[in-house]
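Below is one structure, written out as structure tokens; the observations come after it.
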Amino acid sequence: MKAPAVIAPGILVLLFTLVQKSYGECKEALVKSEMNVNMKYQLPNFTAETPIQNVVLHKHHIYLGAVNYIYVLNDKDLQKVAEYKTGPVLEHPDCFPCQDCSHKANLSGGVWEDNINMALVIDTYYDDQLISCGSVHRGTCQRHVLPPSNTADIQSEVHCMYSPQADEERGQCPDCVVSALGTKVLISEKDRFINFFVGNTINSSYHPDHLLHSISVRRLKETQDGFKFLTDQSYIDVLPEFRDSYPIKYVHAFESNHFIYFLTVQRETLDAQTFHTRIIRFCSVDSGLHSYMEMPLECILTEKRRKRSTREEVFNILQAAYVSKPGAHLAKQIGANLNDDILYGVFARSKPDSTEPMNRSAVCAFPIKYVNEFFNKIVNKNNVRCLQHFYGPNHEHCFNRTLLRNSSGCEVRSDEYRTEFTTALQRVDLFMGQFNQVLLTSISTFIKGDLTIANLGTSEGRFMQVNAF
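Under mature numbering (1 follows the signal peptide of the UniProt record, and there is no 0), read the sequence shown as residues -24 to -1, 1 to 445, first letter to last.
Structure representation (structure tokens):
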């Protein structure tokens, strides 16, 4: 006769734990089964007649820049309280911006064009006013003065921000602000003046009589009827021979302390087929852009495998970015202060030799002070070269690798030149999460308690919330 089996005490404890755990899971499943999954929630919503390009919040109203319309919504229930029609617009070679060209509708050369909202910003220095820039009328802007008693009124006082001037004879148009191919606009108040920092995607379709600049800084005139460049070096342009083969997409712009930053997606070099993300930095008081620098920015996932091997996955294409303060938990984790600016970026992997993203995304966070420290560390090393897409590979500055300035400050010198760095700033020690089969397209963050909360938008229009940092 076989002896009866004896169960060891350790196995008994394990079985008891599994029973307790399974009971809890069954109880949770029972509660879920009692939920009414057919319940329909009435969430605040608004559906525009045309695609929306820009969103701005100001004094309990949400302003939406869309194709041919600007909408004003109540921020509590998203109900439309006003709208302003911006297009379609009749474009004619003999018509200047601000002119009514409807009488030329039957003449040859006239074309009705949709007005795509390319930039929408709020200025509160002179008045509370909404400034919108569209794809028509050479990329010029309009300002809508918002009455203090009714900030939803965007129709009572509208001014076209264009004034013909002699500079146009030399192919200059400081009032031509945005590109229909893509643009990012950032406004900043400095020394009682309003400066507009603009990054534009341009190609060979823009002729000399419709001159736009790749990146520029211009000042809003005190008459508020247009803009002016402070110097003839207040802009940088991709050379004409590279504009079709070397496109630059400006994804985000922000200001932190004494610097202006742009985030772009572009080819790794003039001859490369692969694309990557770059961060641009220059001093906010530098009207000649002499302190302009570019550096690659990488979001990397490192997975440790067996046999001590690791696999790195680079998410090379930035989809969206947001700058905010960290919660206490995140600040402690990355060695930052609660008042530090943190750049949160949504990155995706692109298809080979393309900017088209695949459905594989990641979120990385970069403390801005670390970005500046990295700029300062590599500034005098041999991985510095001139911006070949702006100057050309044979320009004399491309052979001079000595940088003349101290990049930690903003003591701008007129004899300096713009540079790019070949070494990438990588974020590998703080990886916020990977999202398989999901393409993230937008991000915003806020602080709740000690945590930094991220709201992530997807290509399907859905939103996810990440609480992990």
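Backbone N, C-alpha and C fix where the C-beta goes; we use that ideal spot for every residue, glycine too. For clarity, every value in this text was computed on a predicted model and none was experimentally measured.
Backbone secondary structure at residue i - three-state DSSP
i	result
L206	coil
Q364	helix
K80	helix
L34	Per the sequence shown, residue 34 should be read as His rather than Leu. Note: H34 maps to strand in three-state DSSP.
P272	strand
residue 447	Absent from the structure is residue 447, since the part of the chain shown begins at -24 and ends at 445.
G433	strand
G110	strand
R377	Low confidence applies here, because R377 scores a pLDDT of 46, under 50, leaving its location unreliable; read the following figure in that light. Of the three classes helix, strand and coil, the one that applies to R377 here is coil, per DSSP.
L6	Note that L6 scores 49 on pLDDT, short of 50, meaning its location in the model is unreliable; the coordinates nonetheless yield the value given after this. Of the three classes helix, strand and coil, the one that applies to L6 here is helix, per DSSP.
Cβ-heavy atom distance, residue i to the ligand MG, below 8 Å
i	result
R119	Within the structure as shown, the ligand MG is missing, as the structure has no ligands at all.
Cβ-based burial, residue i [other Cβ within 10 Å; buried from 16]
i	result
T23	exposed
A430	buried
L432	buried
T116	buried
K(-4)	Note that K(-4) has pLDDT 48, beneath the 50 cutoff, so the model's placement of it is unreliable and the number below is only indicative. Exposed, because fewer than 16 other Cβ atoms sit within 10 Å of the Cβ of K(-4).
P123	exposed
A312	buried
G437	exposed
N44	buried
F366	buried
N171	buried
T127	buried
Y101	exposed
L306	buried
S210	buried
T253	buried
residue 448	Given that the chain is displayed from residue -24 to residue 445, the structure contains no residue 448 and the question cannot be resolved.
L314	exposed
L6	Model confidence at L6 stands at a pLDDT of 49, short of 50, so the residue's coordinates are unreliable and nothing is read from them.
P328	exposed
T207	exposed
G425	exposed
Beta-carbon proximity check, residue i vs residue j, cutoff 9 Å
i	j	result
I318	S330	no
L416	T434	yes
V241	L294	yes
E292	R325	The sequence shown places Asn at residue 292, rather than the Glu named in the question. Closer than 9 Å, so yes.
L401	F350	yes
V87	D104	no
C259	R403	no
Q118	S111	no
R256	I191	Residue 256 is actually Ile in this sequence, not Arg. Contact flag set, yes.
K52	P20	yes
R114	C149	yes
L363	Y268	yes
A296	S418	yes
S232	I344	yes
E289	T395	no
V65	V57	no
Y39	L96	yes
Cβ pair count under 8 Å reaching 3, the stretch 231 to 238 against the stretch 155 to 169: Judged by Cβ distances under 8 Å, the stretch 231 to 238 makes contact with the stretch 155 to 169, as three or more pairs qualify.
Is there contact between the stretch 73 to 87 and the stretch 24 to 36, where contact requires at least three CB pairs shorter than 8 Å? No: fewer than three Cβ pairs fall under 8 Å.
Are the stretch 90 to 100 and the stretch 66 to 77 touching, with three or more C-beta to C-beta distances below 8 Å? Output reads no: the stretch 66 to 77 does not touch the stretch 90 to 100.
Quick one: complete beta strand (DSSP E) runs, 3+ long, within the stretch 275 to 359? Within the stretch 275 to 359, the complete beta strand (DSSP E) runs of at least 3 residues are 286 to 291, 293 to 300, 318 to 326 and 333 to 343.
Could you give the uninterrupted runs of the beta strand (DSSP E) lying entirely in the stretch 144 to 199, keeping only those of 3 residues or more? Listed in chain order, they are 159 to 166, 169 to 176 and 191 to 196.
Report yes or no: do the stretch 245 to 252 and the stretch 191 to 207 share at least 3 C-beta pairs separated by less than 8 Å? The stretch 245 to 252, when compared against the stretch 191 to 207, does not touch it at the 8 Å Cβ threshold.
As an exercise, report each continuous beta strand (DSSP E) stretch of at least 3 residues that is fully enclosed by the stretch 208 to 242, in chain order. Whole beta strand (DSSP E) segments, 3+ residues: 225 to 232.
I'd like to know if the stretch 259 to 266 and the stretch 331 to 351 are in contact, where contact means that at least 3 CB-CB pairs between them fall below 8 Å. At 8 Å Cβ cutoff, the stretches do not touch.
Can we say the stretch 218 to 234 touches the stretch 171 to 183, given the rule of at least three CB pairs closer than 8 Å? Cβ pair count under 8 Å is three or more, so yes.
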